[in-house]
Amino acid sequence: MAEPTGIETLVEGEPEDYSPEEFPSEYTTESAPAGEGAARKPVTTGNSYGTGRRKEAIARVRIVPGTGKWTINGRSLENYFPNKVHQQLVNEPFVVLGAEDAFDVIARIDGGGVTGQAGALRMGLSRALAILDAEVNRPPLKKAGFLTRDARATERKKYGLKKARKAPQYSKR
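Under the UniProt record's numbering, read the sequence shown as residues 1 to 173, first letter to last.
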């Protein structure tokens with residue numbers, strides 16, 4: 001049998017005379033920790049404003065440098081969105097940029113339901129962060145899909161039908 005190469009030796013087990021110079025770092029199977037691939041610039045802090053819309057909901061969002069305090073219609077995030085899924089949805093733009101607890105958020109939300117309001121707030125936050133520093137913040141937010149307006153809305157009811165598409169029961173006789 002042939003002499004094992006360095007890679008096979010690593011798979012089988014570490015040899016006694018192992019030296020790191022023998023095996024280049026390109027061949028390691030370990031991936032770099034998240035965010036280390038390209039040197040990311042820190043998130044720029046400053047005041048910014050954005051408007052988000054989803055279904056019938058409209059969110060006017062202002063972000064200011066701070067400690068991560070949320071004020072939505074005069075209430076805290078946990079109070080306004082008790083559902084953890086909505087809290088996570090709203091916080092996603094900060095998670096993508098790695099800027100949790102870097103900004104205070106002040107928002108006014110009108111119309112729609114709870115999920116629509118959460119989606120509108122996320123879009124308003126994303127727009128505000130993209131305006132703040134376009135060349136650093138915009139590409140990851142765009143790639144995550146936070147800057148795209150979700151155009152889906154309730155279809156209108158048509159005459160002769162019970163709902164938008166539900167027809168009355170057909171009777172043959």
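Backbone N, C-alpha and C define an ideal beta-carbon position, used for all residues, glycine too.
Here the alpha carbons of residue 118 and residue 90 stand approximately 6 angstroms from one another.
Within the segment 94-165, the complete alpha helix (DSSP H) segments of 4 residues or longer fall at 114-132 and 134-144, listed in chain order. For the pair residue 106 and residue 150, the Cα-to-Cα distance works out to about 23 angstroms. DSSP places residue 49 in the strand class (E or B) of the three-state scheme. A straight-line Cα-Cα distance of about 42 angstroms links residue 97 and residue 165. Partner residues in a beta bridge of residue 173, as assigned by DSSP, do not exist. Contact annotation, residue 108 with residue 60: C-beta distance approximately 5 angstroms; criterion of less than 8 angstroms satisfied.
Secondary structure note for residue 79: its alpha helix (DSSP H) is the uninterrupted segment 77-80. Contact between the segment 45-52 and the segment 120-133 is present: 3 or more CB-CB pairs across the two stretches fall below 8 angstroms. Taking 8 angstroms as the cut-off, the beta carbon of residue 55 is found closer than this to the beta carbon of residue 112.
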